[in-house]
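Structure first, commentary second.
Residue numbers (my numbering): 98 to 421.
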């Protein structure tokens with residue numbers, strides 16, 4: 098059985114330096130060896146030195162029994178930069194991701210970051226990243242510099258992703274209006290869950306998945322709060338014309354066709370996800386290197402050995418068409 102981490106991140110020093118300068122972040126170190134990059138009272142990004150070295154990361158994988166990680170760029174991605182700079186930054190991070198994957202092809206694969214502030218540039222980067230660099234999917238934030246994922250500007254991007262049947266790994270961004278979450282790292286702890294949930298609910302109601310049903314869409318953190326809200330979303334469809342305007346079925350029917358990583362890390366949530374969408378739609382994740390959980394946390398979900406084999410690697414191998 099191969100263990101594949103579907104929620105892992107590329108961490109690049111030059112990208113973080115650009116981010117720090119652009120956002121005016123302050124840097125501080127903790128006793129645990131973390132370097133925190135902060136805006137006001139909130140952490141925007143953080144790292145340890147061993148995040149940057151593939152050899153250090155592979156040593157952790159060997160210790161935990163992880164065969165492969167699928168790398169994507171974490172929040173805040175490139176979306177806060179002006180549109181005319183997003184292309185340059187996307188190319189840089191995609192090249193960096195491809196180098197790690199090409200240097201260690203049996204341990205790392207990667208998905209592309211897109212300059213979604215410029216639709217034509219994003220379409221070009223899909224082609225370059227997949228056809229030339231060999232990346233195996235696309236990373237997508239829960240909002241694009243405040244723009245929702247059902248925005249008309251993104252329609253050509255969804256069309257191209259659907260045509261290619263490319264897997265999409267969603268990752269939360271900070272929600273709009275999160276400035277009031279100015280203590281206890283609430284933007285990361287709570288804001289991420291809110292933004293993922295809102296983003297996917299909007300996509301469902303807006304008919305994105307009805308128009309484009311042919312690509313795997315993988316939602317971070319076991320869908321945020323989406324699965325617990327399905328009956329509420331279905332009641333919206335039953336009660337309000339706006340909630341039926343773009344879709345022909347209950348929202349829950351679209352949600353059951355999506356995929357969910359296991360990065361809630363919580364047995365009861367994982368059991369609920371299995372009961373609602375089925376074990377074939379769950380992909381194990383570690384949120385490495387930031388959380389770096391081992392596969393052992395799946396034991397709390399009480400999966401059968403056959404179910405665990407699908408979640409730990411079988412589903413990811415199928416969805417990403419990996420030859421292992």
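No residue lacks a Cβ here, since even glycine has one placed at the ideal position from N, Cα and C.
On a predicted model such as this, the values are computed, not experimentally measured, just so you know.
Tell me, to the nearest whole angstrom, how far the beta carbon of residue 302 is from that of residue 258; I am working on the premise that it is less than 8 Å. As a working note, residue 302 is residue 205 in the chain shown. As a working note, residue 258 is residue 161 in the chain shown. Between residue 258 and residue 302 the Cβ distance is about 19 Å, and since that is not below 8 Å, they are no contact.
Can you list, in chain order, the stretches of the alpha helix (DSSP H) that have 4 or more residues and sit fully within the stretch 355-420? Those alpha helix (DSSP H) runs which fall completely within the stretch 355-420 and span 4+ residues are 364-374, 402-406, 412-416.
Identify the continuous beta strand (DSSP E) that holds residue 237 and give its terminal residues. Locating residue 237 in the chain shown gives position 140, counting from the first residue. It spans 235-238 - the beta strand (DSSP E) in which residue 237 sits, taken as one unbroken run.
Apart from the five residues on each side of it in sequence, which residues of its chain come closer than 7 Å, Cβ to Cβ, to residue 141? On the chain shown, position 44 is the one that residue 141 refers to. Result list for residue 141: 120, 122, 134, 135, 173, in chain order.
Starting from residue 307 and walking both ways along the alpha helix (DSSP H), at which residues does that stretch end? One-based indexing of the chain shown puts residue 307 at position 210. 305-308 is the span of the alpha helix (DSSP H), which, as asked, contains residue 307.
Alpha carbon to alpha carbon, how far is residue 386 from residue 320? Residue mapping note: residue 386 aligns to position 289 of the chain shown, counting from 1. Residue mapping note: residue 320 aligns to position 223 of the chain shown, counting from 1. Going from the Cα of residue 386 to the Cα of residue 320 covers about 20 Å.
Three-way DSSP call (helix, strand, coil) for residue 262 in this model: Sequence index remark: in the chain shown, residue 262 carries index 165 (1-based). Correct three-state label for residue 262: coil.
For residue 275, does the three-state DSSP call read helix, strand or coil? Taking the first residue of the chain shown as position 1, residue 275 is located at position 178. Three-state DSSP puts residue 275 in a helix.
Looking only at DSSP bridge pairs, what is residue 142 linked to? In the chain shown, residue 142 corresponds to position 45, counting from 1. Answer is 134.
Per DSSP, residue 123 is paired with what? The sequence position of residue 123 within the chain shown is 26, counting from 1. 135, per the DSSP bridge assignment.
Thinking C-beta only, is residue 383 closer than 8 Å to residue 102? Sequence index remark: in the chain shown, residue 102 carries index 5 (1-based). Sequence index remark: in the chain shown, residue 383 carries index 286 (1-based). Between residue 102 and residue 383, the C-beta spacing is below 8 Å.
Short of 8 Å in beta carbon distance, which residues of its chain neighbour residue 168, apart from the five on each side in sequence? Order them along the chain. What you label residue 168 is simply residue 71 of the chain shown in a count that begins at 1. Counting only Cβ-Cβ distances below 8 Å, and skipping sequence neighbours, we find 105, 106, 107, 194, 197, 198, 205, 206, 207, 208.
Kindly list the residues whose CB is nearer than 8 Å to the CB of residue 200, restricted to its own chain and excluding five residues on each side of it in sequence; keep chain order. Residue mapping note: residue 200 aligns to position 103 of the chain shown, counting from 1. Cβ neighbours of residue 200 beyond the five flanking positions: 151.
Spell out a yes or no on whether the stretch 399-416 and the stretch 334-348 are touching, meaning 3 or more CB-CB pairs, one atom from each, closer than 8 Å. With a cut-off of 8 Å, the stretch 334-348 and the stretch 399-416 do not count as touching, because too few Cβ pairs lie within range.
Using 8 Å as the threshold, is the C-beta distance between residue 275 and residue 269 below it? By 1-based counting over the chain shown, the position of residue 275 is 178. By 1-based counting over the chain shown, the position of residue 269 is 172. Going by beta carbons, residue 275 and residue 269 fall outside the 8 Å limit.
Among 286, 334, 139, 147, which has the Cα closest to the Cα of residue 130? The sequence position of residue 130 within the chain shown is 33, counting from 1. For residue 130, the closest alpha carbon among the candidates 286, 334, 139, 147 is that of 147.
Decide if residue 317 is buried, meaning its Cβ has at least 16 other Cβ atoms within 10 Å, or exposed. Taking the chain shown and counting its residues from 1, the one referred to as residue 317 is at position 220. Flag for residue 317 reads buried.
Burial state of residue 281 (16 or more Cβ within 10 Å): Within the chain shown, residue 281 is the residue found at index 184, counting from 1. With fewer than 16 other CB atoms across the displayed protein chains lying within 10 angstroms of its CB, residue 281 is exposed.
With a cut-off of 8 Å, do at least 3 Cβ pairs link the stretch 344-358 to the stretch 306-315? Remark: three or more beta-carbon pairs, one from each stretch, lie closer than 8 Å, so the stretch 344-358 and the stretch 306-315 are flagged as touching.
If you draw a straight line from the alpha carbon of residue 186 to that of residue 401, how long is it in whole angstroms? One-based indexing of the chain shown puts residue 186 at position 89. One-based indexing of the chain shown puts residue 401 at position 304. So the two alpha carbons sit approximately 43 Å from each other.
So what does residue 423 bridge to, in DSSP terms? The structure shown does not extend to residue 423, since the chain is modelled only from 98 to 421, so the question has no answer here.
Tell me the rounded alpha-carbon separation between residue 191 and residue 127. In the chain shown, counting from the first residue as 1, residue 191 sits at position 94. In the chain shown, counting from the first residue as 1, residue 127 sits at position 30. Each residue's alpha carbon lies about 30 Å from the other.
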